[in-house]
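Written below as structure tokens is the structure these notes are about.
Protein chains in written order, with the numbering used here: chain B, 2 to 414; chain C, 98 to 415.
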């Protein structure tokens, strides 16, 4: 493609690459969804069809490495990079183990030069990598997995719980998915740093966002920016009319939802987020909150506090669709939350998990100006105190980690 | 240039590894200290992956008592079925002094450990090995933690802890080891509502679960590790010329019937020696069950009299 003499040939090679890349993803991940949706719509019309479905296990991380591959092809087509001639380097770019199964979704322009460069061991980087791994591990095995125990129970038996318990379940899932995925990303970034590789940042304290636009600049950053660069901007971005902007926003959010899985719940989750972000798009306030909240201050202003709470509540609402098995379960779940039952005491409040969550959020708040919460935590303390702090985190992992095996949520994507 | 890069890399790496080793030692010490402090002083709410004594079954008190005893007539050993199923008062009335070495979810691996530790001093004339078949495939973690949390720290319990490879077991072992030296917390004398410890290792309860949970049909599987432990126990008894019986004590019908291969378990266990499955011999009414896995005092009264009758009839005991 890169060496093609004519534009037509270049385009042909480009589309072949795109179709091959997306073909694998479509076959493994979406074939059954389309086949079953087709059969459903036929049966709505009174036509019974027997569809053939694939009975295969979804390859781990297929959505992630497909997007690696796509960005590589698109960047070559756009002449942003030259094709990689060294097969080993290219293979390492596509399958670098820390990011293979759940990202971050890397760009060839960012990762390939680092792979090719001669690296030397750096003490500060390696220590920082270990620190990030430690914090990621804490988030995953202590916070996410403990929240998962309750969130799973409540979501799996949602019909038998009161509104307040369901709200608690949604809240636990909100923390579970954040700590599960950002915990994984921290471990991946930390591991890569031990090898002298800097991966793209994936999370930047999204739950402290003051509006949904800010939330999406801070949540799964590598995917959001991927969609922005390779879908939103080519579609015209925010350059055209208001109608164009609205259409493009809905397109990227719905595609983003679909990227997560072949289920209507993800599509509605994406559409709901598009809806939430609409006021910022229409009133052109989507770039109002670019810096982290209350930068350099101890506490946010009252206005910021309520903005954070409001944005957080919207995300909880959307996560219900993400977590529910079906759309009808999600609707029933939300209907039951917004009933008089919400004023009843929750079925069971896991006090220990709540205490851990409060401590976790305090540390995240204090460390929100760093790349990850404990990056600069105690950087001016004497080493013995800093080491004690890390040791206490290790103790918390040993004492509070959920010992039942709980997989990473994003491994399924 | 290449040499410089190598030298600077080597220096940085040396610094990194030496600091890492130092941190490892430092954090291990802090970890142990935190385990001790939280075990001794933290409220129960803040202690998760560790057990600090006070477990069901009074195992600490039972083992304490077993240490004092010598030359008993009958040794009963097994899971909670052992300490909830054999009342020393009934045996005493019939002329037998018994010692019970049951612990919660005790598998044959822990039974072997307790036999090795106590049988020489107890010097029993007869041994009843109570086997709850559902534990034949268990990893024995609960029992290991039960033993360790109640102060049993020895080379064997350390070995069992490492075999279980569980964080909860490791944390419990750390605390118990220091608690045995520093006596920070009494782990042996817990009280439980509606349960009374009876000298001889028995736990008396009149509690009765009105409804039993519905159980799906399932298959009891047997692990080689458990069977090998049983073989070693029986070999030891054979060498020491101590007669024994294997007993499956009674529990709720709904639970028993939920297992589809009870007959094959009976066939397997009867290959090892005299074996009695009291679920096939007794059909106790619902009010005689503490829960769907154990009988209460009313059930024990009937079961024990029936058992003593059989053991006498078969001349296992005189």
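For each residue, glycine too, the CB sits at the ideal point set by N, CA and C.
It should be emphasised that the depicted structure is a prediction, and the values quoted were computed from it without experimental measurement.
Exercise. Using a threshold of 7 Å, state whether the C-beta atoms of residue 230 of chain C and residue 330 of chain C are closer than that.
Key: As a working mapping, residue 230 of chain C is identified with position 133 in the second chain. As a working mapping, residue 330 of chain C is identified with position 233 in the second chain. The answer is no: Cβ separation not under 7 Å.
Self-check item: Interfacial residues, the segment 342–357 of chain B to chain C, with Cβ spacing under 9 Å
Solution: 352, 353, 356
Exercise. Output yes if chain C places a C-beta closer than 7 Å to the C-beta of residue 404 of chain B; else output no.
Key: Position 403 of the first chain, counted from the start, is the residue given in the question as residue 404 of chain B. Interface residue, yes.
Exercise. Establish whether the CB of residue 129 of chain C and some CB of chain B are separated by less than 7 Å.
Key: Residue 129 of chain C sits at position 32 when you count from the first residue of the second chain. With 7 Å as the cut-off, residue 129 of chain C does not count as an interface residue toward chain B.
Exercise. Report all residues from its chain with a CB closer than 7 Å to the CB of residue 209 of chain C; omit the five preceding and five following residues, and keep chain order.
Key: Counting from 1 along the second chain, the entry for residue 209 of chain C is found at position 112. Once the five neighbours on either side are set aside, the close Cβ partners of residue 209 of chain C are 326, 329, 330.
Quiz item: Apart from the five residues on each side of it in sequence, which residues of its chain come closer than 6 Å, Cβ to Cβ, to residue 92 of chain C?
Solution: A query on residue 92 of chain C cannot be resolved here, the shown segment of chain C reaching from 98 to 415 and no further.
Practice problem: With DSSP as the reference, label residue 332 of chain C as helix, strand or coil. | Solution: Translated into positions along the second chain, residue 332 of chain C becomes position 235. In this structure, residue 332 of chain C counts as helix in the three-state DSSP scheme.
Quiz item: In terms of residue numbering, what span does the beta strand (DSSP E) encompassing residue 302 of chain C cover?
Solution: Taking the second chain and counting its residues from 1, one reaches residue 302 of chain C at position 205. Per DSSP, residue 302 of chain C belongs to the beta strand (DSSP E) from 299–302.
Quiz item: What residues from the segment 389–400 of chain B come within 8 Å of chain C, judged by C-beta to C-beta, listed N to C?
Solution: 389, 391, 392, 393, 395, 396, 399, 400
Exercise. Could you list which residues in chain B have their beta carbon closer than 8 Å to that of residue 147 of chain C, in chain order?
Key: Here residue 147 of chain C corresponds to residue number 50 of the second chain, with the count starting at 1. Within chain B, the residues near residue 147 of chain C are 400.
Quiz item: Any C-beta of chain B sitting closer than 7 Å to the C-beta of residue 98 of chain C?
Solution: Locating residue 98 of chain C in the second chain gives position 1, where the first residue counts as 1. With a pLDDT of 47 at residue 98 of chain C, under the threshold of 50, the modelled position of this residue cannot be trusted; read the value that follows with caution. Residue 98 of chain C does not count as touching chain B.
Practice problem: Pick out whichever of C:214, C:219, C:234 has its Cα sitting closest to the Cα of residue 249 of chain C. | Solution: Position 152 of the second chain, counted from the start, is the residue given in the question as residue 249 of chain C. Comparing Cα positions, the closest option is C:214.
Practice problem: Would you check if there are 3 or more beta carbon pairs closer than 8 Å linking the segment 336–345 of chain C to the segment 213–228 of chain C? | Solution: yes
Practice problem: Excluding the 5 residues preceding and the 5 following residue 275 of chain B in the sequence, name in chain order all residues of the same chain whose CB lies nearer than 6 Å to its CB. | Solution: Walking along the first chain from the start, residue 275 of chain B turns up at place 274. Excluding residues within five positions, the ones whose Cβ falls inside 6 Å are 250, 251, 254.
Exercise. Could you name each continuous alpha helix (DSSP H) segment of 4 residues or more that falls completely within the segment 145–204 of chain C, going from the start of the chain to the end?
Key: 156–165, 177–182, 185–190
Quiz item: To the nearest whole angstrom, what separates the beta carbons of residue 217 of chain C and residue 193 of chain C, a pair I think is in contact under 8 Å?
Solution: As a position in the second chain, residue 217 of chain C is number 120, starting the count at 1. As a position in the second chain, residue 193 of chain C is number 96, starting the count at 1. In fact, because the Cβ distance is near 20 Å, the residues do not count as touching under 8 Å.
Exercise. Would you please verify whether the beta carbon of residue 121 of chain B is less than 7 Å from any beta carbon of chain C?
Key: Against the first chain, residue 121 of chain B aligns to sequence position 120. Chain C contact via Cβ: present.
Exercise. Give the single residue among C:187, C:123, C:365, C:336 whose Cα lies nearest to the Cα of residue 321 of chain C.
Key: Along the second chain, one-based indexing puts residue 321 of chain C at 224. Out of C:187, C:123, C:365, C:336, C:365 has the C-alpha closest to the C-alpha of residue 321 of chain C.
Quiz item: Which value, in whole angstroms, describes the spacing of the CA atoms of residue 240 of chain C and residue 232 of chain C?
Solution: For the purposes of this step, residue 240 of chain C is taken as residue 143 along the second chain, with counting starting at 1. For the purposes of this step, residue 232 of chain C is taken as residue 135 along the second chain, with counting starting at 1. Going from the Cα of residue 240 of chain C to the Cα of residue 232 of chain C covers about 11 Å.
Quiz item: So, is the C-beta of residue 262 of chain C closer than 7 Å to a C-beta in chain B?
Solution: What you label residue 262 of chain C is simply residue 165 of the second chain in a count that begins at 1. So, not an interface residue.
Quiz item: Does the Cβ-Cβ distance between residue 375 of chain B and residue 136 of chain B come in under 7 Å?
Solution: Numbered from 1 along the first chain, position 374 holds the residue referred to as residue 375 of chain B. Numbered from 1 along the first chain, position 135 holds the residue referred to as residue 136 of chain B. Closer than 7 Å, so yes.
Quiz prompt | Secondary structure of residue 261 of chain B, DSSP reduced to three states | solution = Here the question's residue 261 of chain B lines up with position 260 in the first chain. Helix.
Practice problem: Would you kindly check if the distance between the Cβ of residue 139 of chain B and the Cβ of residue 106 of chain B is under 7 Å? | Solution: For the purposes of this step, residue 106 of chain B is taken as residue 105 along the first chain, with counting starting at 1. For the purposes of this step, residue 139 of chain B is taken as residue 138 along the first chain, with counting starting at 1. No, Cβ-Cβ distance for residue 106 of chain B and residue 139 of chain B is not below 7 Å.
Quiz item: Can you give the Cα-Cα distance for residue 228 of chain C and residue 344 of chain C, rounded to whole angstroms?
Solution: Here the question's residue 228 of chain C lines up with position 131 in the second chain. Here the question's residue 344 of chain C lines up with position 247 in the second chain. Using only the alpha carbons, I get a separation of about 6 Å.
Quiz item: Taking any Cβ of chain B, which residues in the segment 274–294 of chain C have a Cβ under 7 Å from it, in chain order?
Solution: none
Exercise. For the alpha helix (DSSP H) holding residue 115 of chain B, just list the boundary residues, first then last.
Key: Taking the first chain and counting its residues from 1, one reaches residue 115 of chain B at position 114. First-last of the alpha helix (DSSP H) with residue 115 of chain B: 109–117.
Quiz item: How about residue 78 of chain B: is its C-beta nearer than 7 Å to some C-beta of chain C?
Solution: Within the first chain, the letter at position 77 stands for residue 78 of chain B. For residue 78 of chain B, the answer is no, since every Cβ of chain C falls outside 7 Å of its Cβ.
Self-check item: Bounding residues of the beta strand (DSSP E) (the contiguous stretch that carries residue 223 of chain C)
Solution: Start at 1 with the first residue of the second chain, and residue 223 of chain C comes out as number 126. Segment 223–227, the beta strand (DSSP E) holding residue 223 of chain C.
Practice problem: List the residues of chain B that residue 112 of chain C touches, going by C-beta distances under 8 Å, in chain order. | Solution: Here residue 112 of chain C refers to the residue found at position 15 when the second chain is read from its first residue. Within chain B, the residues near residue 112 of chain C are 124.
Quiz item: Do you know offhand how far residue 281 of chain C's Cα is from residue 386 of chain C's?
Solution: For the purposes of this step, residue 281 of chain C is identified with residue 184 of the second chain, where counting begins at 1. For the purposes of this step, residue 386 of chain C is identified with residue 289 of the second chain, where counting begins at 1. The alpha-carbon atoms of residue 281 of chain C and residue 386 of chain C are separated by roughly 37 Å.
Quiz item: Closer than 7 Å, CB to CB, is residue 142 of chain C near chain B or not?
Solution: If you number the second chain from 1, residue 142 of chain C lands on position 45. Chain B contact via Cβ: present.
Quiz prompt | Span of the alpha helix (DSSP H), counted from its first residue to its last, around residue 179 of chain B | solution = Against the first chain, residue 179 of chain B aligns to sequence position 178. Its alpha helix (DSSP H) spans residues 164–195.
Practice problem: Please state whether DSSP places residue 218 of chain C in a helix, a strand or coil. | Solution: As a working note, residue 218 of chain C is residue 121 in the second chain. Residue state, collapsed to three classes: helix.
Quiz prompt | Minimum C-alpha distance to residue 59 of chain B - residue among B:42, B:178, B:27, B:393 | solution = The count along the first chain starts at 1 and reaches residue 59 of chain B at position 58. Closest option to residue 59 of chain B, Cα to Cα, is B:27.
Exercise. Note down the Cα distance separating residue 211 of chain B from residue 311 of chain B, rounded to an integer number of angstroms.
Key: Counted from its first residue, the first chain places residue 211 of chain B at position 210. Counted from its first residue, the first chain places residue 311 of chain B at position 310. Taking the straight line from one Cα to the other gives about 8 Å.
Exercise. Step through the CB atoms of chain B and report whether any lies within less than 7 Å of the CB of residue 109 of chain C.
Key: Within the second chain, the letter at position 12 stands for residue 109 of chain C. So yes, residue 109 of chain C belongs to the interface.
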